[in-house]
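Residue numbers are given in our numbering: position 35 of the sequence shown equals residue 638, and the series is strictly consecutive. Using N, Cα and C, we set each Cβ at its ideal position, and we do this for glycine too.
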Amino acid sequence: MSKKMRHTTWVPLGAVGVLLFIAAPWLLILALPFLVPLAVYAMYRVHRQHRDRHDDHGHDHGGHHHHA
């Protein structure tokens, strides 16, 4: 009974695994137009945030210098 149960549990898992293996490249290809701008936006946001922090520090220093 337990062996049969295990077998019926593993068969759908195997089928899902095979389907995922077949579908993965197509899903990746379909997702690329969505993933690429997302990755670029994330990278830009991180870069911008870092640059803004640096720029803010530099601007504060520059402003102080200009004021003096």
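Quick check: the Cα distance between residue i and residue j, rounded to an integer number of angstroms?
i, j, result
"Trp613", "Ala634", "29 angstroms"
"Ala627", "Thr611", "24 angstroms"
"Gln652", "Met646", "10 angstroms"
"Phe624", "Arg648", "33 angstroms"
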